Each structure stands twice: as C-alpha cells, then as structure tokens.
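Number of protein chains: 2
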Amino acid sequence: MTRRWANGGTPAARREETPVVESGPEQTRRRIRDAAAHVLSVKGYAGFRVTAVAAIAEVQAPAIYYYWASRDELIEEVMWVGTAATRDHTAAALDALPSDTSAMDRLIAAVEAHLRHVLEMSDYSRAAIRNADQVPPSIRKRQIREENLYGELWRRLLYDLNRSGDMRVELDPYHAQMLILGALNWCSEWWDPRRSSVDTLVADAQSFVRGSIIAFPQPDRSRRRRAQA
Amino acid sequence: MTRRWANGGTPAARREETPVVESGPEQTRRRIRDAAAHVLSVKGYAGFRVTAVAAIAEVQAPAIYYYWASRDELIEEVMWVGTAATRDHTAAALDALPSDTSAMDRLIAAVEAHLRHVLEMSDYSRAAIRNADQVPPSIRKRQIREENLYGELWRRLLYDLNRSGDMRVELDPYHAQMLILGALNWCSEWWDPRRSSVDTLVADAQSFVRGSIIAFPQPDRSRRRRAQA
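Chains A and B, in that order, are what the protein sequence lines are.
Last residue of the first sequence: number 270 in my numbering, and the count goes up by one each step with no gaps.
Last residue of the second sequence: number 270 in my numbering, and the count goes up by one each step with no gaps.
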C-alpha cells in the first residue's frame with residue numbers, strides 16, 4: 042500500500058482490525074480515516090485529495106461522504122483523534138498502576154504508553170504536526186483542546202515528580218516536559234522497525250528519560266528489573 | 042511582520058544583518074528566503090505562493106526570479122539551507138574546543154550549538170520537517186545529503202562518547218542520538234521567548250541530555266561551573 046504501512050509502521054491497524062470482520066461500516070470508516078491520515082501527512086492540507094484517500098482505502102470516493110459531510114470534516118477528525126487516542130491510552134495506563142506507585146514510576150509508565158501509541162498512530166502524529174499551521178483555525182479547535190488536556194496530564198506528572206524530590210531542582214518542569222515529549226514524538230520520524238524492536242526503543246527511551254531528570258542519578262536498573270520479572 | 046518574527050523567533054536575522062547595509066542584493070536575497078521559509082512552514086508545498094513570499098519580503102514578485110530561476114529552486118534552497126547552516130555552526134563550535142575536551146563535553150557543546158541555531162532558524166527547521174514528504178524527490182536531494190552529513194557528525198559524537206565509557210552501556214547509541222535530536226528539534230515548536238530565555242533553555246537542555254546518557258550519573262554541576270567561570 043505505502044512504504045510506511047508496508048514496513049509495519051501502523052501495527053495498530055493490523056492488531057486491532059485483524060481479529061474482527063473487516064467489512065463492517067466501522068472497519069471501513071477506520072480504513073478511510075487511516076488512509077486520510079497518511080495522505081494528509083504526505084501531501085499536506087493544500088495537497089489533500091479525497092480521491093487519493095479513496096484509492097488507498099479501496100473505496101469509491103462518494104462512499105467517504107457517507108461517513109463525513111465534507112473533506113474538511115474528515116481532516117478535522119484526523120487532526121485531533123491521534124492526540125485523543127494517545128491521551129486515552131496513556132491515562133488508562135496510569136489508572137491501572139497501583140495507588141502507591143512513585144511519581145517517577147508513573148512518569149516512566151507514561152513514557153511507555155505515549156511512545157507505543159505514537160508509533161502505532163504515526164501517520165496521525167505526522168499529519169497533526171505537519172499541518173498544525175496549514176489548516177484553517179476552525180479545523181484546529183478540537184485538536185487544540187485535546188493537546189491542552191493531554192498537556193495537562195503531563196504537567197501533572199512533572200509537577201508530582203518535582204514535589205517528590207526525585208527530580209533535579211534546577212530543571213524547569215515545563216522545559217523537562219517538552220524535552221521529553223519532543224524526544225518521544227520525534228521517534229515517529231526516524232524509528233525503523235527493521236532496525237530495532239518497539240520494546241528495545243521503549244526500554245531505551247525509559248532509561249533516557251529517567252536519567253534526564255532524576256535528582257540523585259543512580260545507575261539505571263529498569264532493564265535488570267524487567268529481566269527478573 | 043509575522044507573529045514568529047515579531048516575538049524574536051529569528052534573532053539571527055537581526056544579529057547578522059543589522060550591522061551591514063540592509064538594501065544590498067545579498068540582504069534582499071536573504072529577506073526573500075526568510076520569507077519563503079516562513080510561507081513554506083505555514084502553507085506547505087502545495088499551498089506555497091510566490092506572491093505571499095513577495096508580500097512578506099516587501100518586494101515585487103518578479104524580483105524573486107532575479108535570484109531564483111523558479112518557485113521550486115527557491116523551495117529547494119529553503120529545504121536544505123537550515124540543516125547546512127546548523128551543521129556549519131555546530132562543526133565550528135566543536136572545532137573551537139581545546140583538543141583535550143572530553144567526549145561528553147564535546148557532546149554537550151554540540152547540544153548548545155545545535156539548539157541555538159535551530160531556534161534562530163526555526164522557520165527553516167519547521168519548513169524542512171513539515172514538507173519532507175510533500176516536496177518532489179528532486180527537491181529533497183541536497184537536503185537528504187545535508188541531513189546525512191550532519192547525522193554523521195552526531196553519530197561520531199555518540200560513538201566517541203560510547204567508547205569513552207561515560208555513556209550507559211545498555212543505551213543504543215543511535216537511539217540516544219535520535220532521542221537527543223528529537224528533544225532539541227522539537228524546541229522550535231514550543232519554546233516561547235516571552236516565557237524563558239534561550240540561555241535558560243540551553244542550560245536545561247544540556248543538563249537534560251547529560252543526565253539522559255551518562256554512565257555513572259552524578260549531580261549535574263554544569264551550572265555551578267558556569268557560574269564560577
């Protein structure tokens with residue numbers, strides 16, 4: 042289909058959709074939206090053609106208007122849904138932790154949840170990043186709301202970490218938050234599943250982030266711990 | 042002129058051009074290219090209009106073709122020149138270091154040089170990132186060559202650090218390299234000069250990167266050292 046999909050760039054699509062019937066309206070809707078995310082990330086807002094989406098999703102172009110009233114409505118959904126899904130995924134991972142989990146371990150769990158989801162939804166991440174300034178403001182409304190809500194989740198993680206005393210005092214928590222998210226988000230631009238596994242990348246990212254902010258740095262033991270588990 | 046320029050996003054333009062006559066052909070050429078970088082970052086390749094560039098640069102549209110033979114030639118230059126300039130700047134910073142500088146200190150010096158330049162040329166960085174897949178392959182040729190050359194510089198820094206024993210052995214040097222560059226490059230998306238100074242951000246980024254990869258983590262002393270200097 043495309044280079045990115047062919048090399049396994051969106052394992053989410055495979056994993057989530059393979060076990061169920063692929064011809065239902067929800068599957069078709071998702072297939073069209075995935076195709077739209079890819080086209081938007083590659084062609085940009087001005088170059089986005091519904092016919093290109095239809096060709097990739099293997100549907101007739103008019104079928105798209107069964108699900109979305111307009112080209113802009115489809116684009117609007119692509120712009121915010123990646124952030125919304127990543128936020129849901131990360132929030133659920135944090136909710137599943139024992140209540141006595143330390144602030145550092147919560148942050149490190151969020152690193153894994155965020156990174157896995159960004160890699161699974163890489164076309165959505167790229168589409169949103171690359172078109173943030175290209176789409177009309179009306180299309181950005183829900184995306185901006187999602188970004189703010191998700192930013193709030195991360196601000197809270199860094200705030201709690203800062204209060205716990207496990208974070209280096211001289212680091213501005215907002216700078217730390219954005220440096221972490223930059224390191225993680227950028228992975229969708231360069232990570233090559235033929236070169237290294239998601240698990241290896243996640244373990245390295247966790248080690249990297251932990252060291253980057255920890256107050257009284259100690260040798261990283263996360264791998265050893267994982268190996269024992 | 043634009044929000045980004047008005048809030049000091051491209052101090053390079055001010056610093057480099059203010060002392061010399063601003064009306065010469067080189068200054069006009071630079072002004073047009075800066076405007077083209079801005080338009081390309083905001084509108085994307087398909088939405089790029091030479092008339093919009095002319096309006097921002099305050100020249101007549103035909104004047105642009107005095108400097109570039111075509112719209113695509115102008116875009117081609119915007120795509121690679123940001124990386125090339127950042128590479129020159131970082132290489133020069135490294136060359137200026139004493140020959141006995143440790144691998145870690147060389148890396149930390151590169152973090153500063155890279156970050157300062159990315160922030161100064163943020164329109165170029167954004168234009169290149171957002172249009173990497175949008176422009177025809179011919180336009181990407183020199184950009185890809187520059188990216189590879191610059192990637193080579195960073196690979197060398199991480200390779201030397203890895204050999205020095207100052208880097209955590211379990212970290213894949215390539216993963217570390219790309220996580221660092223992601224954290225730094227992303228700064229052009231969120232850094233707000235009204236909220237924090239470049240110097241503060243650079244100091245935080247250096248502390249962040251040092252901790253992220255150091256083998257036997259110790260409390261960061263870079264600030265104290267700087268304060269004593």
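Every residue gets a Cβ at the ideal spot worked out from N, C-alpha and C, and that includes glycine.
This structure is a prediction, so every number in the text was calculated from the model and none was measured.
Selection B:ALA98, B:GLY85, B:ALA77 and B:THR124 evaluated against SER166 (chain B) yields B:THR124 as nearest (Cα-Cα). Secondary structure at MET208 (chain A): strand, using DSSP grouped into helix, strand and coil. For the pair of segments examined, the region 215–225 of chain B was found to touch the region 227–241 of chain A: the number of CB pairs separated by less than 8 Å reaches three. Considering only beta carbons, no part of the region 195–208 of chain B lies closer than 9 Å to chain A.
When the alpha-carbon of VAL83 (chain A) is set against those of A:ILE97, A:ARG71 and A:ASP233, the nearest one is in A:ILE97. In the DSSP secondary-structure assignment, ILE255 (chain A) is bridged to A:MET208. Neighbours of TRP231 (chain B) across chain A, judged by C-beta separation under 7 Å: MET219.
VAL250 (chain B) has a beta carbon lying within less than 9 Å of a beta carbon in chain A. Around ALA144 (chain B), the same chain offers ASP201, LEU202 and SER205 as residues with beta carbons nearer than 6 Å, after the five sequence neighbours per side are excluded.
Within chain B, the C-beta atoms nearer than 8 Å to that of TRP227 (chain A) come from MET219, LEU220, LEU222, GLY223, ALA224, ASN226 and TRP227, in chain order. As the crow flies, the alpha-carbon of GLU114 (chain B) is around 15 Å from that of GLN175 (chain B). With respect to chain B, the C-beta atom of ASN172 (chain A) has a partner C-beta closer than 9 Å.
One Cα belongs to ASP136 (chain A), the other to VAL250 (chain A), and the distance between them is close to 21 Å. Closest in alpha carbon position to GLU153 (chain B), among B:ALA134, B:ASP141, B:ILE255 and B:SER238, is B:ALA134. Below the 8 Å Cβ cutoff, chain A contributes GLY85, TYR86, ALA87, GLY88, ARG171, ASN172 and GLN175 as neighbours of GLY85 (chain B), in chain order. Look at the beta carbons and you see the region 231–251 of chain A not touching the region 231–239 of chain B: under three pairs across the two are nearer than 8 Å.
Distance between ARG196 (chain B) and TYR215 (chain B), taken at the CA atoms: about 7 Å. Among the residues facing chain B, ARG186 (chain A) is not included, as its CB has no counterpart in that chain under 9 Å away.
Here ARG186 (chain B) is not near TRP109 (chain B), since their CB atoms are 9 Å or more apart. In summary, the residues of the region 154–170 of chain A whose CB is separated from some CB of chain B by less than 9 Å are ARG167 and ILE170, in the order they occur in the chain.
Contacts with chain A at 9 Å (Cβ-Cβ) do not include ILE180 (chain B). Chain-ordered, the chain B residues with CB closer than 9 Å to the CB of SER237 (chain A) read ASP213, TYR215 and HIS216. Bounds of the alpha helix (DSSP H) holding PRO103 (chain A) are 102–108. At a cut-off of 9 Å between beta carbons, SER82 (chain B) contacts chain A. At a Cβ-Cβ threshold of 9 Å, ALA256 (chain A) and ALA224 (chain A) do not count as neighbours.
With respect to LEU212 (chain A), THR131 (chain A) sits apart: the two C-beta atoms are not nearer than 9 Å.
For the C-beta of THR241 (chain B), the chain A residues within less than 9 Å are, from N- to C-terminus, ASP213 and HIS216. The Cβ-Cβ distance between ALA87 (chain A) and GLY88 (chain B) falls below 9 Å.
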